[in-house]
Structures are given as C-alpha cells and as structure tokens.
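Under this note's numbering, think of the first position of the sequence shown as 2, with each following residue one higher.
Cβ atoms here follow ideal geometry from the backbone N, Cα and C, with glycine treated the same way.
These notes concern the structure reproduced below.
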Amino acid sequence: MSTKYEIKYKSFNDIKSNMNKYNLSPIEIILIDESKRSKLPEHKIIEKFEHILEVMKDSINQKAKDDRFHVSVDMAEKYSNRTKSFFSPLVQDIILSALSTSVNNACMHRIVSAPTGGASGVMPGVLVPIIKFYKFDDDIAIKALLIGAAIGNVIKNLATLSGAEGGCQAEIGSASAMTAGAVAYLFQGDITTVESASSIALKNMLGLTCDPVAGLVEIPCIKRNAMGALNALLAVDLSLSGIKTTIPLDEVILAMKDIGDKMDSTLKETGLGGLAATETGKKLLKNLEKSHNR
Numbered sequence: 002m003s004t005k006y007e008i009k010y011k012s013f014n015d016i017k018s019n020m021n022k023y024n025l026s027p028i029e030i031i032l033i034d035e036s037k038r039s040k041l042p043e044h045k046i047i048e049k050f051e052h053i054l055e056v057m058k059d060s061i062n063q064k065a066k067d068d069r070f071h072v073s074v075d076m077a078e079k080y081s082n083r084t085k086s087f088f089s090p091l092v093q094d095i096i097l098s099a100l101s102t103s104v105n106n107a108c109m110h111r112i113v114s115a116p117t118g119g120a121s122g123v124m125p126g127v128l129v130p131i132i133k134f135y136k137f138d139d140d141i142a143i144k145a146l147l148i149g150a151a152i153g154n155v156i157k158n159l160a161t162l163s164g165a166e167g168g169c170q171a172e173i174g175s176a177s178a179m180t181a182g183a184v185a186y187l188f189q190g191d192i193t194t195v196e197s198a199s200s201i202a203l204k205n206m207l208g209l210t211c212d213p214v215a216g217l218v219e220i221p222c223i224k225r226n227a228m229g230a231l232n233a234l235l236a237v238d239l240s241l242s243g244i245k246t247t248i249p250l251d252e253v254i255l256a257m258k259d260i261g262d263k264m265d266s267t268l269k270e271t272g273l274g275g276l277a278a279t280e281t282g283k284k285l286l287k288n289l290e291k292s293h294n295r
C-alpha cells in the first residue's frame, strides 16, 4: 500500500486531509507514513507495536524493589491495599496500573516511554485495564496504540515532548492526550471524536510545571501519572457523549508550545522552582546527597 500514495503528516489536520484526499482510514495513513520513515514494511510495524503492548502489560505487573532513596516506592502497594474508594473497580485498576508503571519507572525497570519515562504510566495505566475489562482483541488494541503514537508524533512535530523544554504539560499532558485519542478510537470514535478527546485532555493540562523533587522522576511525577490517566478518561467520556473541542488539536498543541516557551526555566526540570524549591523538597535533596556520600 505504501508505494501508492504520497503521504506524510506533520499535524493532525494533515492526517484528516490525507484521509479525505485518498479515502483512507487514519490507521492506513499512519502505517503508510511510518513505513516510509522507518523503511519497514507495515507488518513489521504491527509486530513492533505488538511488542510494545506486551511490554506495557509487563510494566504494570513488575514488582518494584529498590533500596536506594525512594519515598514513593510503596505507593502502588498502598493503593492496592485500600479498603475504600470513590471509584468503580475498573477505574481503581486504572489508577493502580498507572501508579505501578510509574513506580517501576522510578526504580529503573523496563517501561515504554509513552511519550517519556516520566509519563510512562498514563497510557498503559488506561489502555491495559480497559482492553482486559472490555475484552478487546489485540488487533483493535494495536490500532488504538497507533492512534496514540500518531498524536504523540504530531505533538513532537509542532511542539515538544520534553519537560525540560515545555514543562510537565509536554509530558503528562501529551501522554494524557495520546491516551485519550487512543481510547476514543478503541470505542469506535471517528476522527472528530478522537481529536476532541485528545484536545480536551491536553487543554486540561496546559501550564503544568515540571518540578521534580531532588531531581528524581518520583515526586510529584508518580501521582501525576494517575491524574493524567483519569484526565484522559474524562476527555474520552466527554467526547463520546458528543461534546466537541472548540479549539482544534493542532492549535492546542501550539498553545502548549507558547506556554512552555514563556515558562520560567526554574519550572522546567531544573529542580530550582516549584515543589523542588519547597523546604521539604530541599530537605529530601540533602538526604539524597548524604546517602550518596556514605
């Protein structure tokens, strides 16, 4: 299929334009573009995404153990032992899965950067429990992953996926947008619904700073992964009800870039501002430095 079309996308609008121009599905557009960029046949790309899905599943189930400086390594375990919750069993599983993956990332276990290590809990945290709960087969799950990856690619093209460049809005915000679009597709949302879900999710995250305490991808990063997961669910629920985004996804991404460019450097992964600069944050940094000097 790849040789028949001159397809390349930079923006989400490009994906929609190519769909209309060539009468192709978004998955076909994404696979054609990825095949040309990676020099891989489309079936090999599918195989790579099958592997990605398996690693996502594993990243949830790993048992995090690390005797270095960590104050949040037991967070997922604590949540799994809860006796009360406001949420349904599925949503509880999503929260636990996001926390578990994020804790495993903090302990340097294998995860999928989706789109970064610091935001790696959002997409598997939502997709894996939903796929299991609703018994989606691997074929549709892989297509949903492709949609999410394409949204991440658009964000990379138009802005950034780096907290050091754009703040946490570029990491957790992007992960939430990618996840929302993927889940909207999973539930048979059309391209407009996918765009609305992704756009709503990202809009809700604009302005979020990257201020990791002691330079670790732990505080507040782990809890933010759970928040990004629930934000994605909200965005999908709204979009599937017929609520459409007023601002197109591409414009929301450009707004995120503008905000990130204007954000002070102390709030972009330097550890010099925000939560990292609190008295408790400074004490935790000193404790870390002492433990390394023993």
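#### Entry: Sheet register partners of LYS263 (DSSP bridge)
Its beta-bridge partners do not exist; DSSP assigns none.
### the region 110-130 touching the region 48-56, judged by at least three CB pairs closer than 8 Å
yes
#### Entry: In DSSP terms, what LYS269 is bridged to
CYS211
### Task
For SER81, count neighbouring C-beta atoms within 10 Å of its own C-beta (all shown protein chains included) and say buried if the count is 16 or more, exposed if not.
exposed
### Query
Between VAL74 and ALA107, which are expected to be in contact by the criterion C-beta below 8 Å, what is the C-beta distance as a whole number of angstroms?
7 Å
### Query
alpha helix (DSSP H) containing ARG225: first to last residue?
222-241
### Message
Rounded to whole angstroms, what is the Cα-Cα separation between GLU88 and ALA165?
### Response
Sequence inspection shows Phe at residue 88; the Glu mentioned does not correspond to that position. In a straight line, the C-alpha of PHE88 is about 34 Å away from that of ALA165.
### Query
From ALA77 to ASN21, what does the alpha carbon distance come to, in whole angstroms?
45 Å
### Task
Compute the Euclidean distance between the alpha carbons of ASN232 and LEU146, then round it to the nearest angstrom.
18 Å
### Task
Identify whether HIS110 lies in helix, strand or coil by the three-state DSSP scheme.
coil
### Message
According to DSSP, simplified to helix, strand and coil, what is ASN62?
### Response
helix
### Query
Do the CB positions of GLY229 and VAL104 come within less than 7 Å of each other?
no
### Query
On the premise that LEU97 lies in contact with ALA185, defined as a C-beta separation below 8 Å, what is that separation, rounded to the nearest angstrom?
Not confirmed; about 23 Å, so no contact.
### Task
Report yes or no: do three or more beta-carbon pairs, one from the region 178-197 and one from the region 34-46, lie closer than 8 Å?
no
### Query
Does PRO213 get closer than 7 Å to chain B when you measure Cβ to Cβ?
The structure shown contains no chain B, having only a single protein chain.
### Task
Using the Cα positions of GLY174 and HIS293, report the straight-line distance between them to the nearest angstrom.
32 Å
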